[in-house]
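There are 2 protein chains.
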Amino acid sequence: MRTVSRTAFIEQLGERWDKQDTMLCVGLDPDPARLPLALARQSDGVQQFCRGIVDATAEYVCAFKPQVACFAALGTEDELARLIEYIHENHPAIPVILDAKRGDIGSTARLYATEAFERFAADAVTVNPYLGEESVRPYLEYQDRGVIVLCRTSNSDSDWLQMHPQAEPVYLRVAEAAVHWNTRGNVMLVAGATFPEELRAIRAVVGDMPLLVPGVGAQGGDLRAVITFGCNSRGVGLVINASRSVLYAGAGPGYATEYARKAADAARDMRDEIRRLQAELAPDRAVI
Amino acid sequence: MRTVSRTAFIEQLGERWDKQDTMLCVGLDPDPARLPLALARQSDGVQQFCRGIVDATAEYVCAFKPQVACFAALGTEDELARLIEYIHENHPAIPVILDAKRGDIGSTARLYATEAFERFAADAVTVNPYLGEESVRPYLEYQDRGVIVLCRTSNSDSDWLQMHPQAEPVYLRVAEAAVHWNTRGNVMLVAGATFPEELRAIRAVVGDMPLLVPGVGAQGGDLRAVITFGCNSRGVGLVINASRSVLYAGAGPGYATEYARKAADAARDMRDEIRRLQAELAPDRAVI
Numbered sequence: 004m005r006t007v008s009r010t011a012f013i014e015q016l017g018e019r020w021d022k023q024d025t026m027l028c029v030g031l032d033p034d035p036a037r038l039p040l041a042l043a044r045q046s047d048g049v050q051q052f053c054r055g056i057v058d059a060t061a062e063y064v065c066a067f068k069p070q071v072a073c074f075a076a077l078g079t080e081d082e083l084a085r086l087i088e089y090i091h092e093n094h095p096a097i098p099v100i101l102d103a104k105r106g107d108i109g110s111t112a113r114l115y116a117t118e119a120f121e122r123f124a125a126d127a128v129t130v131n132p133y134l135g136e137e138s139v140r141p142y143l144e145y146q147d148r149g150v151i152v153l154c155r156t157s158n159s160d161s162d163w164l165q166m167h168p169q170a171e172p173v174y175l176r177v178a179e180a181a182v183h184w185n186t187r188g189n190v191m192l193v194a195g196a197t198f199p200e201e202l203r204a205i206r207a208v209v210g211d212m213p214l215l216v217p218g219v220g221a222q223g224g225d226l227r228a229v230i231t232f233g234c235n236s237r238g239v240g241l242v243i244n245a246s247r248s249v250l251y252a253g254a255g256p257g258y259a260t261e262y263a264r265k266a267a268d269a270a271r272d273m274r275d276e277i278r279r280l281q282a283e284l285a286p287d288r289a290v291i
Numbered sequence: 004m005r006t007v008s009r010t011a012f013i014e015q016l017g018e019r020w021d022k023q024d025t026m027l028c029v030g031l032d033p034d035p036a037r038l039p040l041a042l043a044r045q046s047d048g049v050q051q052f053c054r055g056i057v058d059a060t061a062e063y064v065c066a067f068k069p070q071v072a073c074f075a076a077l078g079t080e081d082e083l084a085r086l087i088e089y090i091h092e093n094h095p096a097i098p099v100i101l102d103a104k105r106g107d108i109g110s111t112a113r114l115y116a117t118e119a120f121e122r123f124a125a126d127a128v129t130v131n132p133y134l135g136e137e138s139v140r141p142y143l144e145y146q147d148r149g150v151i152v153l154c155r156t157s158n159s160d161s162d163w164l165q166m167h168p169q170a171e172p173v174y175l176r177v178a179e180a181a182v183h184w185n186t187r188g189n190v191m192l193v194a195g196a197t198f199p200e201e202l203r204a205i206r207a208v209v210g211d212m213p214l215l216v217p218g219v220g221a222q223g224g225d226l227r228a229v230i231t232f233g234c235n236s237r238g239v240g241l242v243i244n245a246s247r248s249v250l251y252a253g254a255g256p257g258y259a260t261e262y263a264r265k266a267a268d269a270a271r272d273m274r275d276e277i278r279r280l281q282a283e284l285a286p287d288r289a290v291i
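First to last, the protein sequences are chains A and B. In short: position in the first sequence from 1, add 3, done, that's my numbering. In short: position in the second sequence from 1, add 3, done, that's my numbering.
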C-alpha cells in the first residue's frame, strides 16, 4: 500500500523529459536463468539484480517498467512490491510503470486497478482494451496515476487483429477511444517502435498524448523513425522502452562484477542516441 | 506446482457433460464485503467461504472458475493456489478454469502459462487475443490443459472493438483464428450469453469446439437462447458460468448458516433449467 504522497505520474514524466532530458525507460524483466551466476545462487538474487540495475541506470531513465509476469510465474509478487517500494524510496522522482496488461469487465477491472495502484503502488499501468471502456474506466479514477492502453503492440503477430480492417483498423479505433477516455490527462498508449507508419498515424490522432514505445532493443525497431514520427509538438512525448538490451548488456566474462556498470553504459548510450536524434530532428525543443 | 497426474481438461469436461449431465460452471469470485459476517471476521474467511461453496455445489457443476483478480487485489495468490489444490484433492473429477485473461508477447505469455498451469495448477485458463497468436501459443503447448480465448465477451462496452467492422467483425476473426490454433483439440472460446446472435455465428464457425458462456446470471443473458444457439452437434459443448447469482444466493437472514445450502439450491436449479432446455431443444442427446 502506498502511504507517502507522490507527484502525479504525468507531471513526474514531464519533469524527467524536460529536466533530466531523457525519454528512455528501462524494463525490469528479470529472468533467473540470465542472472550473473553469483546472484542466481542467492535466494534474493532477482531482487539484488533488479536493484543493481535500478541504481546504475536511474540517472538515464524517465521511468522504470517492471513486468508482472516475471514475478507471477515464480509466485514472488511480494518481491515485486518490495522492488517498487525500493524505487520509490531511493529514486522518488522516477515513475514506475507496472506492465500488467490486464483487461476484464468493470467490476473485475476495479480489482486489477487495486492490484496495480494500491497493492503494488505503481504510478502507471498497462491495460488491454479488448473488453472496452469499462475495462479501462476504474483505472482512470486514480487521477494521479497513468493508464497506458495497448494500441499498436510491437509484435507482428498482432497484425491480424490490430490492423483489421485496412480502412479503419482496430488500433486506430483504440487511439480514438483513448482520446475520448482522456478527460483527466492521465491516458497514454502503447505504440510499438517496429511500426513507424502506425506511430505516425497514432500521433496524428492523439495530439500530444504520451506514448509508451516498446520494441527498440532486442525487437529491432528503428530509433530514428520513432523520434521522427512519434514525438509530440514539444519534441518529447515518448517513453522509449528497452529491457533485455540493458539488463543483460554485461553478459559474458566479468558479468557478476560488471553487470550494473554495463547496464548503465547501455542505458546512457541509448539515452544519448535518443537525445542526438531529438536535437537533429526537433532542434527547437526547449531543455530546461 | 502440480504433482499428481490428472485427466486432460477436455476429457474431464466431456465426462461432466455426459455422465454428470451438467453444463453449469460456478465462478469463484469471492468479495470480502459480501461474505457472511461470521466468516468475514476470520482471517481465512474467503478460503472457508469458497470451500463451502465448492463442496455444496460440486455435484451440480462441470467446472469451477476462480477469478484471479479477487485474490490479486488482496495480495492473496497463495490462498488461490490453496483453493485450487483443495478442489483437485476433494473433487478430482471437476476441472478448474483460472479466469486470468492475460495477453502479452510470446516470451511473456510463456511466463503467464507457467503462472496458470504450474504455479496454480489450473486445468484451463482464459486468454486475451489482442496480441495475436504468439500470446496464445505458449499455453497450447500444455496439451492436457484447456486454453479459452476471449472472443465475444458478455459486456456491451466491448461492441466498439469486438463488433468492428460490421462486414467482418473482430470477434469472428478471433473465432476463425481459434479454429486454426486448435491443432490439439484444447482450445475453447468465451462467448457471452448476452449476445445470442453472435453465439450462433460463433458456433457456425467453430464446429463442436466448447464455449465458455458468461453473462447468464447477474448480467441477464437468456438461457433459452444460449442453449438454442450455443450447443454443439451433440447437444452439449457449453460451460455456462454463474458467479454472483450462486455465491451470494443466501444473502439475507440466516446467511451465515445457510450460505452453502442456498448456493447449492441455486446451482441445482440452474443446472436443472439447463437440462430441461437441453431436453426440449435437443431431445436426441445421449446421456450416459
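No residue lacks a Cβ here, since even glycine has one placed at the ideal position from N, Cα and C.
Report task. From the DSSP output, read off the bridge partner residues of R68 of chain A. Result -> Stepping through the first sequence from its first residue, residue 68 of chain A is reached at position 65. A small correction: the amino acid at residue 68 of chain A is Lys; Arg does not occupy that position in the sequence shown. According to DSSP, K68 of chain A bridges with A:G30.
Query raised in the report: If the cut is a Cβ gap below 9 Å, which residues of chain B does R122 of chain A touch?
Result: As a position in the first sequence, residue 122 of chain A is number 119, starting the count at 1. Chain B residues near R122 of chain A: A75, A76, L77, G78.
**Report entry** Range covered by the alpha helix (DSSP H) that runs through G149 of chain B
**Finding:** Within the second sequence, residue 149 of chain B is the residue found at index 146, counting from 1. G149 of chain B -> not in any alpha helix (DSSP H); beta strand (DSSP E) instead, spanning 149-155.
Requested in this report: From the DSSP output, in three-state form, read off L134 of chain B for me.
Outcome: For the purposes of this step, residue 134 of chain B is taken as residue 131 along the second sequence, with counting starting at 1. L134 of chain B: coil per DSSP, three-state reduction.
Query raised in the report: Hey, out of A:K68, A:R122, A:E92, whose CA is closest to V249 of chain A's CA?
Result: By 1-based counting over the first sequence, the position of residue 249 of chain A is 246. Of A:K68, A:R122, A:E92, the residue nearest in Cα terms is A:K68.
Query raised in the report: Any residues in the segment 158-190 of chain A with a beta carbon nearer than 9 Å to a beta carbon of chain B? Which ones, in chain order?
Result: N158, S159, D160, S161, D162, W163, L164, Q165, H167, P168, A170, E171, V173, R176, V177, A180
Query raised in the report: Going along the chain, which unbroken runs of the beta strand (DSSP E) with 3 or more residues stay wholly within the segment 198-226 of chain A?
Result: Counting whole runs of 3 or more residues, the segment 198-226 of chain A contains the beta strand (DSSP E) stretches 214-216.
Query - Endpoints, the alpha helix (DSSP H) within which N244 of chain A is located - result: Within the first sequence, the letter at position 241 stands for residue 244 of chain A. It is not in any alpha helix (DSSP H) - N244 of chain A instead sits in the beta strand (DSSP E) that spans 241-245.
Report task. Please report how far the alpha carbon of T231 of chain B lies from the alpha carbon of V57 of chain B, in whole angstroms. Result -> If you number the second sequence from 1, residue 231 of chain B lands on position 228. If you number the second sequence from 1, residue 57 of chain B lands on position 54. Rounded to whole angstroms, T231 of chain B to V57 of chain B spans 28 Å at the Cα level.
Query raised in the report: In whole angstroms, what separates the C-alpha of L284 of chain A from that of D24 of chain A?
Result: In the first sequence, counting from the first residue as 1, residue 284 of chain A sits at position 281. In the first sequence, counting from the first residue as 1, residue 24 of chain A sits at position 21. About 15 Å.
Report task. Report yes if the C-beta distance between I151 of chain B and V130 of chain B is below 8 Å; otherwise report no. Result -> Counting from one through the second sequence, the residue named residue 151 of chain B turns up at place 148. Counting from one through the second sequence, the residue named residue 130 of chain B turns up at place 127. Yes, Cβ-Cβ distance for I151 of chain B and V130 of chain B is below 8 Å.
Requested in this report: Residues of the segment 48-76 of chain A with a CB closer than 8 Å to any CB of chain B: list them in chain order, please.
Outcome: Q70, A72, C73, A75, A76
**Report entry** Pair within 8 Å by beta-carbon distance, G30 of chain B and Y262 of chain B
**Finding:** Within the second sequence, the letter at position 27 stands for residue 30 of chain B. Within the second sequence, the letter at position 259 stands for residue 262 of chain B. No, Cβ-Cβ distance for G30 of chain B and Y262 of chain B is not below 8 Å.
Query raised in the report: Can we say the segment 132-144 of chain A touches the segment 112-120 of chain A, given the rule of at least three CB pairs closer than 8 Å?
Result: yes
Requested in this report: Please look up how many angstroms separate the CB atoms of C73 of chain A and P33 of chain A, rounded, as I've assumed it's under 8 Å.
Outcome: Along the first sequence, one-based indexing puts residue 73 of chain A at 70. Along the first sequence, one-based indexing puts residue 33 of chain A at 30. Indeed they touch by this definition, with Cβ atoms about 5 Å apart.
Query - Rounded C-alpha distance that separates R227 of chain B from Y145 of chain A - result: Against the second sequence, residue 227 of chain B aligns to sequence position 224. Against the first sequence, residue 145 of chain A aligns to sequence position 142. Taking the straight line from one Cα to the other gives about 40 Å.
Query - Test item: CB-CB of K104 of chain A and L175 of chain A under 8 Å - result: Looking up residue 104 of chain A in the first sequence gives position 101. Looking up residue 175 of chain A in the first sequence gives position 172. Contact flag unset, no.
Report task. Check whether the Cβ atoms of A170 of chain B and R148 of chain B lie closer than 8 Å to each other. Result -> Mapped onto the second sequence, residue 170 of chain B falls at position 167. Mapped onto the second sequence, residue 148 of chain B falls at position 145. Not closer than 8 Å, so no.
Report task. Indicate whether at least one CB of chain B lies closer than 8 Å to the CB of P132 of chain A. Result -> Numbered from its first residue, the first sequence carries residue 132 of chain A at position 129. Closer than 8 Å to some Cβ of chain B, the Cβ of P132 of chain A qualifies, so yes.
Query raised in the report: Residue range of the alpha helix (DSSP H) that R19 of chain B falls in?
Result: Here residue 19 of chain B is taken as the residue at index 16 of the second sequence, counted from 1. Start and end: 12-21.
Query raised in the report: Grouping DSSP H, G and I as helix and E and B as strand, with all else coil, what is M4 of chain A?
Result: As a working mapping, residue 4 of chain A is identified with position 1 in the first sequence. Since pLDDT at M4 of chain A reaches only 49, below the 50 mark, its modelled position is unreliable, and the value read off the structure follows with that caveat. In this structure, M4 of chain A counts as coil in the three-state DSSP scheme.
Query raised in the report: Roughly how far, in whole angstroms, is the beta-carbon of L215 of chain B from the beta-carbon of N244 of chain B, given that I think they are within contact range, below 8 Å?
Result: Numbered from its first residue, the second sequence carries residue 215 of chain B at position 212. Numbered from its first residue, the second sequence carries residue 244 of chain B at position 241. The Cβ separation is near 7 Å, so the contact holds.
**Report entry** Supposed contact pair L27 of chain A and I277 of chain A - C-beta distance, whole angstroms, cut 8 Å
**Finding:** Taking the first sequence and counting its residues from 1, the one referred to as residue 277 of chain A is at position 274. Taking the first sequence and counting its residues from 1, the one referred to as residue 27 of chain A is at position 24. Yes, they are in contact, since the Cβ atoms of I277 of chain A and L27 of chain A sit about 6 Å apart, within 8 Å.
Query raised in the report: Looking at C-alpha atoms only, which residue of B:A124, B:T117, B:A75, B:E118 is the closest neighbour of G91 of chain B?
Result: As a first step, residue 91 of chain B must be located in the second sequence, where it is residue number 88. Strictly speaking, residue 91 of chain B in this sequence is His, with Gly absent from that position. Among B:A124, B:T117, B:A75, B:E118, the Cα nearest to that of H91 of chain B is on B:A124.
**Report entry** Chain-order list of residues whose beta-carbon lies under 6 Å from that of L101 of chain A (same chain, five-residue window excluded)
**Finding:** Position 98 of the first sequence, counted from the start, is the residue given in the question as residue 101 of chain A. Only A119, F123, A125, V128 meet the Cβ criterion.
Query - Same chain only: Cβ atoms within 8 Å of M4 of chain B, ignoring 5 sequence neighbours per side - result: In the second sequence, residue 4 of chain B corresponds to position 1, counting from 1. Low confidence applies here, because M4 of chain B scores a pLDDT of 49, under 50, leaving its location unreliable; read the following figure in that light. Hits under 8 Å: E121, R122, A124.
**Report entry** Per-residue DSSP class, three states only, for A124 of chain A
**Finding:** Looking up residue 124 of chain A in the first sequence gives position 121. DSSP places A124 of chain A in coil when its eight states are reduced to three.
Query raised in the report: Which chain B residues are close to E136 of chain A, counting only those with a beta carbon under 7 Å from its beta carbon?
Result: For this step, residue 136 of chain A is matched to residue 133 along the first sequence. The contacting residues are D160.
Query raised in the report: So, is the C-beta of D107 of chain A closer than 8 Å to a C-beta in chain B?
Result: The residue you call residue 107 of chain A lines up with position 104 of the first sequence. Yes, D107 of chain A lies at the interface with chain B (some Cβ there is under 8 Å from its Cβ).
Query raised in the report: Helix or strand or just coil, what does DSSP make of L164 of chain A?
Result: Residue mapping note: residue 164 of chain A aligns to position 161 of the first sequence, counting from 1. In the structure shown, L164 of chain A sits in a helix (DSSP, three-state: H, G or I).
Query - CB contact check: T197 of chain B to chain A, cutoff 8 Å - result: Translated into the one-based positions of the second sequence, residue 197 of chain B becomes position 194. It does not; no Cβ of chain A falls within 8 Å.
Query raised in the report: Under the three-state reduction of DSSP, which class applies to L83 of chain B: helix, strand or coil?
Result: Residue numbering aside, residue 83 of chain B sits at position 80 when the second sequence is read from its first letter. L83 of chain B: helix per DSSP, three-state reduction.
Query raised in the report: Any beta-carbon of chain A closer than 8 Å to the one on E118 of chain B?
Result: As a first step, residue 118 of chain B must be located in the second sequence, where it is residue number 115. Interface with chain A (8 Å Cβ-Cβ cutoff): E118 of chain B is included.
Report task. Look at G240 of chain A and D211 of chain A and say whether their C-beta atoms are less than 8 Å apart. Result -> Sequence index remark: in the first sequence, residue 240 of chain A carries index 237 (1-based). Sequence index remark: in the first sequence, residue 211 of chain A carries index 208 (1-based). For G240 of chain A and D211 of chain A, yes; Cβs fall inside 8 Å.
Query - Beta-ladder partner(s) of A194 of chain B, from DSSP - result: Along the second sequence, one-based indexing puts residue 194 of chain B at 191. Beta-bridge pairing links A194 of chain B to B:R155.
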